[in-house]
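Residue numbers (the UniProt record's numbering): 1 to 222.
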Amino acid sequence: GNDIMHPVKAMLYYLKKHNIKQPVFSICSAAGNETLRDGGIDLRSLATKESITPANLEKITRPEQKMGAVLYDLNMDLSYAQIVAATRYLADKDCQFLAGGTDWLMPLTGEVMVPGFCDFLDTISRFTQREPTILSKPAVLLGDILKDVYKLADPKRCLFIGDSLTHDIRFALGCGFQSLLVLSGSTTLEEMCEANVEDQPHYYADSIADFIELYDNISKTV
(Lines of atoms letter the chains of each structure in order from A and count residues from 1; the text may use other names and numbers.)
(Lines give C-alpha, C1' and ligand atoms only; values in the text may rest on other atoms or scores of the structure.)
Protein backbone atom coordinates (compact mmCIF):
# COMPACT_ATOMS: atom_id res chain seq x y z
CA GLY A 1 0.00 0.00 0.00
CA ASN A 2 0.86 3.68 0.15
CA ASP A 3 2.08 3.39 3.75
CA ILE A 4 5.42 1.95 2.64
CA MET A 5 8.05 3.83 0.64
CA HIS A 6 11.12 2.13 -0.84
CA PRO A 7 13.59 3.10 -3.59
CA VAL A 8 11.61 1.49 -6.44
CA LYS A 9 8.45 3.38 -5.42
CA ALA A 10 10.54 6.55 -5.20
CA MET A 11 11.75 5.85 -8.76
CA LEU A 12 8.15 5.38 -9.91
CA TYR A 13 7.20 8.71 -8.36
CA TYR A 14 10.25 10.44 -9.90
CA LEU A 15 9.66 8.98 -13.38
CA LYS A 16 6.08 10.25 -13.39
CA LYS A 17 6.72 13.64 -11.78
CA HIS A 18 9.53 14.47 -14.21
CA ASN A 19 7.86 12.90 -17.27
CA ILE A 20 10.92 10.75 -18.01
CA LYS A 21 10.72 9.33 -21.51
CA GLN A 22 9.81 5.66 -21.79
CA PRO A 23 10.68 2.87 -22.22
CA VAL A 24 13.24 2.60 -19.43
CA PHE A 25 15.82 -0.14 -18.87
CA SER A 26 15.76 -1.74 -15.43
CA ILE A 27 18.28 -3.91 -13.63
CA CYS A 28 16.14 -3.88 -10.49
CA SER A 29 14.76 -7.08 -8.96
CA ALA A 30 11.82 -8.98 -10.49
CA ALA A 31 9.58 -7.67 -7.68
CA GLY A 32 10.82 -4.13 -8.32
CA ASN A 33 10.11 -4.44 -12.03
CA GLU A 34 6.61 -5.70 -11.26
CA THR A 35 5.97 -2.64 -9.04
CA LEU A 36 7.13 -0.34 -11.84
CA ARG A 37 5.01 -2.09 -14.48
CA ASP A 38 1.97 -2.07 -12.17
CA GLY A 39 2.56 1.68 -11.84
CA GLY A 40 2.27 2.07 -15.61
CA ILE A 41 5.95 2.22 -16.57
CA ASP A 42 6.98 0.81 -19.97
CA LEU A 43 10.00 -1.17 -18.87
CA ARG A 44 12.63 -3.35 -20.52
CA SER A 45 14.90 -5.79 -18.70
CA LEU A 46 17.48 -8.39 -19.71
CA ALA A 47 17.09 -12.07 -18.91
CA THR A 48 19.41 -14.56 -20.58
CA LYS A 49 19.06 -18.32 -20.60
CA GLU A 50 22.20 -19.00 -22.64
CA SER A 51 25.72 -18.96 -21.19
CA ILE A 52 27.48 -15.64 -21.70
CA THR A 53 30.80 -15.70 -23.56
CA PRO A 54 33.02 -12.96 -25.02
CA ALA A 55 31.69 -14.06 -28.42
CA ASN A 56 28.00 -13.40 -27.67
CA LEU A 57 28.20 -10.65 -25.00
CA GLU A 58 28.15 -7.78 -27.51
CA LYS A 59 25.01 -9.05 -29.26
CA ILE A 60 23.17 -9.90 -26.01
CA THR A 61 23.84 -6.47 -24.48
CA ARG A 62 23.33 -4.40 -27.65
CA PRO A 63 20.89 -1.52 -27.06
CA GLU A 64 17.58 -2.43 -28.71
CA GLN A 65 16.20 1.13 -28.72
CA LYS A 66 16.59 4.51 -27.03
CA MET A 67 15.84 4.42 -23.30
CA GLY A 68 14.69 7.32 -21.13
CA ALA A 69 16.52 6.02 -18.08
CA VAL A 70 18.47 3.15 -16.56
CA LEU A 71 17.10 2.05 -13.17
CA TYR A 72 19.31 0.36 -10.58
CA ASP A 73 18.39 -1.13 -7.20
CA LEU A 74 19.01 -4.19 -5.01
CA ASN A 75 18.81 -7.28 -7.20
CA MET A 76 20.00 -10.67 -5.97
CA ASP A 77 19.84 -11.96 -9.56
CA LEU A 78 22.01 -9.16 -10.95
CA SER A 79 24.26 -10.45 -13.74
CA TYR A 80 27.36 -9.23 -15.54
CA ALA A 81 25.37 -9.04 -18.79
CA GLN A 82 22.83 -6.71 -17.13
CA ILE A 83 25.63 -4.46 -15.85
CA VAL A 84 27.17 -4.32 -19.34
CA ALA A 85 23.79 -3.58 -20.95
CA ALA A 86 23.23 -0.74 -18.46
CA THR A 87 26.59 0.83 -19.35
CA ARG A 88 25.73 0.66 -23.05
CA TYR A 89 22.37 2.41 -22.61
CA LEU A 90 24.07 5.05 -20.44
CA ALA A 91 26.45 5.87 -23.30
CA ASP A 92 23.46 7.89 -24.56
CA LYS A 93 23.71 11.19 -22.65
CA ASP A 94 19.93 11.67 -22.89
CA CYS A 95 19.41 8.47 -20.88
CA GLN A 96 19.00 9.28 -17.19
CA PHE A 97 20.53 7.15 -14.43
CA LEU A 98 18.32 6.52 -11.37
CA ALA A 99 19.50 4.40 -8.47
CA GLY A 100 18.69 2.96 -5.06
CA GLY A 101 20.77 0.22 -3.45
CA THR A 102 23.54 2.32 -1.94
CA ASP A 103 24.13 0.21 1.18
CA TRP A 104 27.66 -1.21 1.34
CA LEU A 105 26.61 -4.10 3.57
CA MET A 106 23.41 -6.03 4.06
CA PRO A 107 22.35 -7.86 7.25
CA LEU A 108 20.83 -11.27 6.48
CA THR A 109 20.47 -12.37 10.10
CA GLY A 110 21.68 -11.01 13.43
CA GLU A 111 25.03 -12.74 12.86
CA VAL A 112 25.45 -12.74 9.08
CA MET A 113 26.40 -9.65 7.07
CA VAL A 114 26.94 -9.79 3.30
CA PRO A 115 28.17 -7.22 0.76
CA GLY A 116 25.60 -4.66 -0.34
CA PHE A 117 25.07 -3.33 -3.85
CA CYS A 118 26.91 0.01 -3.78
CA ASP A 119 30.08 -1.41 -5.35
CA PHE A 120 28.22 -2.63 -8.45
CA LEU A 121 26.63 0.81 -8.72
CA ASP A 122 30.07 2.44 -8.38
CA THR A 123 31.39 0.19 -11.16
CA ILE A 124 28.66 1.34 -13.56
CA SER A 125 29.09 4.97 -12.54
CA ARG A 126 32.88 4.91 -12.84
CA PHE A 127 32.87 3.14 -16.20
CA THR A 128 30.22 5.40 -17.77
CA GLN A 129 31.43 8.56 -15.99
CA ARG A 130 27.78 9.16 -15.10
CA GLU A 131 26.66 10.17 -11.60
CA PRO A 132 23.37 8.49 -10.69
CA THR A 133 20.40 10.36 -9.27
CA ILE A 134 20.11 8.60 -5.89
CA LEU A 135 16.56 7.85 -4.72
CA SER A 136 17.40 5.94 -1.55
CA LYS A 137 18.77 6.89 1.87
CA PRO A 138 20.68 9.04 2.68
CA ALA A 139 19.84 11.19 -0.40
CA VAL A 140 17.80 14.27 0.52
CA LEU A 141 15.89 13.82 -2.77
CA LEU A 142 14.13 10.83 -1.17
CA GLY A 143 13.24 13.11 1.75
CA ASP A 144 11.69 15.61 -0.67
CA ILE A 145 9.61 12.80 -2.17
CA LEU A 146 8.48 11.64 1.31
CA LYS A 147 7.48 15.21 2.24
CA ASP A 148 5.54 15.52 -1.01
CA VAL A 149 3.79 12.12 -0.88
CA TYR A 150 2.87 12.27 2.81
CA LYS A 151 2.24 16.06 2.94
CA LEU A 152 4.86 16.63 5.66
CA ALA A 153 4.59 20.41 5.92
CA ASP A 154 6.60 20.44 9.18
CA PRO A 155 9.40 17.84 8.94
CA LYS A 156 10.14 18.14 12.69
CA ARG A 157 6.81 16.39 13.33
CA CYS A 158 8.14 13.28 11.57
CA LEU A 159 10.16 10.78 13.62
CA PHE A 160 12.53 8.75 11.45
CA ILE A 161 13.68 5.47 13.01
CA GLY A 162 16.67 3.48 11.78
CA ASP A 163 19.68 1.38 12.79
CA SER A 164 22.40 3.00 10.64
CA LEU A 165 24.17 6.25 11.51
CA THR A 166 25.39 6.82 7.96
CA HIS A 167 22.19 5.98 6.10
CA ASP A 168 19.27 6.47 8.52
CA ILE A 169 20.37 9.15 10.97
CA ARG A 170 22.29 11.23 8.42
CA PHE A 171 19.22 11.02 6.15
CA ALA A 172 16.83 12.05 8.95
CA LEU A 173 18.97 15.01 10.00
CA GLY A 174 19.47 16.13 6.38
CA CYS A 175 15.70 16.15 5.88
CA GLY A 176 14.96 18.01 9.13
CA PHE A 177 13.21 15.00 10.70
CA GLN A 178 13.49 13.96 14.35
CA SER A 179 15.73 10.89 14.55
CA LEU A 180 15.69 7.72 16.66
CA LEU A 181 18.56 5.23 16.43
CA VAL A 182 17.76 1.64 17.42
CA LEU A 183 20.74 -0.42 18.57
CA SER A 184 19.33 -3.77 17.38
CA GLY A 185 20.91 -3.53 13.92
CA SER A 186 24.19 -2.36 12.41
CA THR A 187 25.22 0.25 15.03
CA THR A 188 26.50 -0.31 18.57
CA LEU A 189 26.18 2.11 21.51
CA GLU A 190 29.96 2.68 21.37
CA GLU A 191 29.82 3.60 17.67
CA MET A 192 26.97 6.01 18.33
CA CYS A 193 28.87 7.71 21.17
CA GLU A 194 32.02 8.03 19.03
CA ALA A 195 30.19 9.40 15.97
CA ASN A 196 30.58 12.98 14.78
CA VAL A 197 28.13 15.48 16.24
CA GLU A 198 26.39 15.86 12.86
CA ASP A 199 25.64 12.11 12.83
CA GLN A 200 24.23 11.93 16.37
CA PRO A 201 20.53 11.00 16.66
CA HIS A 202 18.06 13.01 18.73
CA TYR A 203 17.09 9.81 20.59
CA TYR A 204 18.19 6.20 20.84
CA ALA A 205 16.63 2.94 22.07
CA ASP A 206 17.72 -0.69 22.34
CA SER A 207 15.11 -1.78 19.80
CA ILE A 208 11.94 -0.75 17.99
CA ALA A 209 10.00 -2.70 20.64
CA ASP A 210 11.02 -0.08 23.23
CA PHE A 211 9.61 2.69 21.07
CA ILE A 212 6.35 0.78 20.48
CA GLU A 213 5.99 0.31 24.25
CA LEU A 214 6.64 4.02 24.85
CA TYR A 215 4.15 4.99 22.13
CA ASP A 216 1.49 2.69 23.62
CA ASN A 217 2.03 4.20 27.07
CA ILE A 218 1.75 7.75 25.70
CA SER A 219 -1.43 6.81 23.80
CA LYS A 220 -3.00 5.46 27.00
CA THR A 221 -2.28 8.64 28.97
CA VAL A 222 -3.49 11.07 26.30
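Note that beta-carbon positions come from the ideal geometry of N, C-alpha and C, so glycine has one too.
For clarity, every value in this text was computed on a predicted model and none was experimentally measured.
Cβ neighbour criterion (16 or more within 10 Å) applied to residue i
i	result
C175	buried
I145	buried
R170	buried
A10	buried
V182	buried
A99	buried
S136	buried
T188	exposed
P54	exposed
N2	exposed
G32	buried
A209	exposed
I83	buried
L141	exposed
T221	exposed
Rounded distance between the beta-carbons of residue j and residue i, thought under 8 Å
i	j	result
T133	Q96	7 Å
T87	T128	5 Å
R173	M192	First, the amino acid is wrong: residue 173 is Leu here, not Arg. Between M192 and L173 the Cβ distance is about 14 Å, and since that is not below 8 Å, they are no contact.
V24	M67	6 Å
V114	L108	6 Å
L78	I27	6 Å
8 Å Cβ cutoff met for residue i and residue j
i	j	result
Y72	I124	yes
L15	A85	no
I52	A81	yes
D168	F160	yes
S45	M76	no
I41	Q65	no
P201	L214	no
D206	S186	no
V8	L36	yes
G39	L12	yes
Opposing strand residues paired with residue i [DSSP bridges]
i	result
Y204	L181
M106	V114
F211	Partner(s): none; F211 has no beta bridge.
Q96	A69
Where in the region 39–73 do unbroken runs of the beta strand (DSSP E), each at least 3 residues long, occur, reported from the N-terminal end onward?
Counting whole runs of 3 or more residues, the region 39–73 contains the beta strand (DSSP E) stretches 69–72.
Give, in chain order, every unbroken run of the alpha helix (DSSP H) that is at least 4 residues long and sits entirely within the region 11–36.
As far as the region 11–36 is concerned, it has no whole alpha helix (DSSP H) run of at least 4 residues.
Could you pull out every unbroken alpha helix (DSSP H) segment of at least 4 residues lying fully inside the region 115–186, listed in chain order?
Fully enclosed alpha helix (DSSP H) runs of 4 or longer: 118–128, 140–149 and 170–175.
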